[in-house]
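Since the structure comes first, as structure tokens, the remarks are kept for the end.
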Amino acid sequence: MTECVFCAIVAGDAAAEMVLDEPDLVAFLDRRPVFKGHVLLVPRTHVATLPDLPAGLREPFLVAAQRLAAAVVDGLGAQGSFVAINNTVSQSVPHLHLHVVPRTKGDGLRGFFWPRRKYGDGEAAEHAARLRAALPAV
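Taking the working numbering, the leading residue of the sequence shown gets 73, the next gets one more, and so forth.
Take a look at the structure:
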């Protein structure tokens, strides 16, 4: 396997704004978010696509996705979220990752065109802290 940036984040070898840190899963802010607060959920173990996810991780993965979807509403004031997984095609990093994108009516997102944004100084840390504080308990 070639070097995986998500494996490097999981190992602590690459920086990321962590939102969720659990024994089998981590979630962190996307470096090029569709909207600020865009979170990526990944298994700690390198898994390429959703069909490769071990059965024992299916439920924890979905529970974490539910918690993150609630956190973008409660922590960031979004009205809802867009949740998606690409498998191979359009998968920019070949490590399973689920996108949780905060959404608000009239935000301009149409179809699968995902314009990317940048965080200003300190904004990523502030968004990650708000999301961590809003994560529902398991």
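Heads up, the beta-carbon is just placed ideally off N, CA and C, and yes, glycines get one too.
| query | result |
| --- | --- |
| Buried or exposed: which applies to G147, given that a residue is buried once 16 or more other Cβ atoms fall within 10 Å of its Cβ? | buried |
| Drop a sphere of 10 angstroms on the beta-carbon of M73, count the other beta-carbons inside from all chains shown, and report buried for 16 or more, exposed for fewer. | Caution is warranted here: a pLDDT of 48 is assigned to M73, below 50, making its placement in the model unreliable, and the coordinate value is therefore given only provisionally. M73 should be labelled exposed. |
| For the segment 118 to 132 against the segment 186 to 204, are there 3 or more C-beta pairs whose distance is under 8 Å? | no |
| Our contact map puts H169 next to L134 with C-beta atoms below 8 Å; I'd like the distance itself, whole angstroms only. | Wrong, their Cβ atoms sit about 14 Å apart, outside the cutoff. |
| Going along the chain, which residues of its own chain have a beta-carbon closer than 8 Å to the beta-carbon of K177, five neighbours each way excluded? | Q151 |
| Out of curiosity, what's the CA-to-CA distance linking P115 and H199? | 22 Å |
| Quick check on P174: buried or exposed, where buried means 16 or more other Cβ atoms within 10 Å of its Cβ? | buried |
| Looking at the unbroken alpha helix (DSSP H) that takes in P132, where does it start and where does it end? | A127 to L148 |
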